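Residues in the first sequence are numbered from 1 upward in steps of one, following the numbering used here. The C-beta atom is built at its ideal place from N, Cα and C for all residues, glycine as well. The model shown is predicted, which means the values in this text are computed figures rather than measured ones.
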Amino acid sequence: MLTLKQINSDKEQVIAGLEKKHFQGAREAVEEVLRLDQMRKSIQQQKDTASAEMNRISKTIGQLIGQGKKEEAEQAKAQTSTLKENIKTYEQQMTEAENSQTQALLQIPNIPYSIVPEGKSAEDNLAVKAGGWDIPQDTSILAIANNAKAFDQDGASVALRDWKEEWNPQPAFAKLPHWDLAKKYNLIDFDLGVKISGAGFPVYIGQGARLQRALINFFLAEAAKDGYTEIMPPTVVNTASGYGTGQLPDKEGQMYHCDMDDLYLIPTAEVPVTNIYRDEILEEQALPIKNCAYTECFRREAGSYGKDVRGLNRLHEFSKVEIVRIDTPEHSEISHREMLSHVEGLLQKLELPYRILRLSGGDMSFTAALCYDFEVYSEAQHRWLEVSSTSNFDTYQANRLHCRYRRAEDKKVVLCHTLNGSALALPRIVAALLENNQTENGIRIPAALQPYFGADMIR
RNA sequence: GGAGAGAUGGGUGAGUGGCUUAAACCAACAGUUUGCUAAACUGUCGUACGGGUAACUGUACCGGGGGUUCGAAUCCCCCUUUCUCCGCCA
């Protein structure tokens, strides 16, 4: 959540930011938080004064009893009853005010950075870069893309906006969608998954299972090369962790819940791996912390339907390698770019056509300050598939997590920045690999993946 | 799952109702002394929220939550968790 300090000192900027994110009733929400804050402060002043008086009297009583002055002690006791009641009332009011204030703050999303494009929806996302083995290199627009210093050159990025329309690859032969390929090569059995679990829980078989394991190992190895520490966290988390990274309370219905023990199945490794640092004060020299983790991810995906859920496009359980960073505010932007380069490198090594989108204010997640999506092009489905979302949360998550660090310079304790990104989520990568690499003789495995897969083709 | 014993600051650890403003030691940081290193000495050494331009100061926090009391780290209840033993088990 946003800090009170931010809201207090930069009220108008915060409101403008919330409006950029198309948050309804931004001004009212901010005013409400400020009003509750004023209320809380004035109650605290009264309560602190009363408590100070109470402490003073109690101490006196102790001294009087020590001196054997019992009558005077009894007199002093008589003074305390109203005071005691007042304190109790103040405490209740303060708890109430604090709770409403927290509730109000939880309803307010993060504010976007200035380079986030204006806009309401996915239509307004900005393509900042594109690449991949199959993209024609002579298109002038793409030439700009390749020369652009990625991610921070707004002028260059704007020119890329409509590049998708310029590039309409014509497949050499009618390519099959991955659900047909999965059947043809006996890689994935969707019906079997329905039998033993339900829709959205595919069963990977033989080379299909091996491809999963190869991708996981490849992604983890690449992350290790880039200096990430591998974590293997629990796959279920408690409510405190759910609140820490912001899945609770707003996304409660999106997570699977184990009623008996009140635990949630993780929707992403971000949850356990970021919560490692909940309620921690880190030393500045330990930053940036770079962790990666492979986990299964579980999502209820309530409300999804149609072509979006066909095959591997949207699953209830899927494998993902996540990269997570905890950093200082000064360095988090650099960290973000390094993460983007890492993810881009993975897609290049997998030889997939990709584009990178800077999400518009309205399309960003509740908690992000800046977010880039990576999409790969599926030649059989003729559409872009989102395979990674790499975000900087600024202090928004850290504030909720109470994740802070001690500045080396002045020893002050301040909030960290948190960042995370998929590197990568498997299902749509598998879909794109199968669809784009199909030949008459089988499915080609990209060279970088061959050592992990143990073969150059799926036959 | 059953029984018992624990949980105190960055660490070790004292504290069984008011002489605690949580001792002491270690670590850390700053300074003094000193050819250098080391040692010694002195000082600083939590977090959150208030008040104050500031120096400073108030309140809360001893695993978490509730209760008893004028007053709780200390007594009572519930929860979490660690250890030991028993049971079960890959």
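In summary, N275 is buried, with 16 or more beta-carbon neighbours lying within 10 Å of its beta-carbon over all protein chains present. Restricting attention to N125, F219, I15, L64, the CA atom closest to the CA of G345 is found in F219.
Collapsing the DSSP output to three states places Y264 in a strand. T49 counts as exposed, since fewer than 16 other beta carbons sit within 10 angstroms of its beta carbon. In terms of Cβ geometry, A293 and E338 do not form a close pair [threshold 8 Å].
The Cβ-Cβ distance between N110 and A398 does not fall below 8 Å. Here I205 carries a coil assignment [DSSP, helix/strand/coil]. Residues I188 of the same chain have their beta carbon placed closer than 6 Å to that of A182, with the five preceding and five following residues left out of the count. The Cβ atoms of E435 and K175 lie closer than 8 Å to each other. In terms of Cβ geometry, R300 and Y256 form a close pair [threshold 8 Å]. The beta carbons of V343 and R428 sit no closer together than 8 Å. Annotation: I216 to L265 spans about 20 Å, alpha carbon to alpha carbon. Inter-segment contact for the stretch 357-367 and the stretch 113-128 is present: three or more beta-carbon pairs are separated by less than 8 Å. Taking a C-beta distance under 8 Å as the contact criterion, L350 and L426 do not qualify as a contact pair. Between the alpha carbons of V14 and G454 lies a distance of about 53 Å. M94 and R40 have their C-alpha atoms some 6 Å from each other. Rounded to the nearest whole angstrom, the CA to CA distance from D308 to P177 is 13 Å. Judged by their CB atoms, R459 and E284 are not nearer to each other than the 8 Å cut-off. P112 is positioned such that its CB atom lies closer than 8 Å to that of K20. Beta-bridge annotation (DSSP): E296 is paired with S319. Straight through space, the alpha carbons of R444 and L192 are spaced by roughly 26 Å. Between L106 and P234, the beta carbon gap of about 25 Å keeps them out of contact (Cβ cut-off 8 Å). With respect to C403, T390 sits apart: the two C-beta atoms are not nearer than 8 Å. In the three-state reduction of the DSSP assignment, Q438 falls in the strand class, which pools E and B.
Spatial neighbours of Y396 in its own chain (CB-CB distance under 6 Å, excluding positions within 5 residues in sequence) are listed in chain order as N110, T367. For S391, the enclosing beta strand (DSSP E) covers residues 383-392. A408 and D394 have their C-alpha atoms spaced approximately 20 Å apart.
Pairing S241 with Y204, the inter-Cα distance amounts to about 31 Å.
Look at the stretch 8-53 and you find these whole runs of alpha helix (DSSP H), each 4 residues long or longer: 11-20. Within the stretch 70-141, the beta strand (DSSP E) runs of at least 3 residues that lie entirely inside it are, in chain order, 126-131. Annotation for N238: D262, L263, Y264 place their beta carbon closer than 8 Å to its own, counting only its chain and skipping 5 residues before and after. In this structure, F298 sits away from P272, with a CB-CB distance that is not shorter than 8 Å. As a beta-bridge residue in DSSP terms, T418 pairs with I326. Rounded to whole angstroms, the Cβ separation of Y354 and A130 is 7 Å, and the two are in contact under 8 Å. Put simply, the backbone Cα of N86 is about 13 Å away from that of Q45. N291 is bridged by DSSP to T229, V324.
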